[in-house]
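Read through the structure below, which is laid out as structure tokens, and then see the notes.
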Amino acid sequence: FLKRKRSRQDERVVMVTLTDTGKALRDEAVHVPRRLSEAAGPIFDVEETRQMRMLLNKLLEAIDNANARTVEKLKR
């Protein structure tokens with residue numbers, strides 16, 4: 124799913140990218156939130172679904188920020 128390539132300028136740096144299989148999996152994963160929402164429909168009411176979506180977006184943002192900080196540290 125992932126391809127790793129060490130930097131020629133700094134061998135401590137490893138660039139990680141998706142393989143074709145990883146990209147295909149990512150494309151499938153795009154549909155997961157909608158499928159979860161459809162499956163959770165009978166379980167959660169509208170407000171609970173809104174709150175869950177908000178919390179999941181907050182979690183994804185935190186993960187993105189952590190990844191960005193890691194990339195910046197590796198560039199130094």
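Once you know that position 69 of the sequence shown is 192 in my numbering, the rest is easy, because the numbers rise by one and skip nothing. Backbone N, C-alpha and C define an ideal beta-carbon position, used for all residues, glycine too. No experiment lies behind these values; they were computed from the predicted model shown.
- One Cα belongs to ILE166, the other to ARG176, and the distance between them is close to 14 Å.
- One thing to note: ARG127 has its Cβ no nearer than 8 Å to the Cβ of VAL136.
- Annotated as distal: ALA185 and THR172, with beta-carbon spacing of 8 Å or more.
- Residue pairing of VAL139 in beta bridges, as defined by DSSP: ARG127.
- Looking at the backbone, the Cα of ARG199 and that of ASP133 are separated by about 10 Å.
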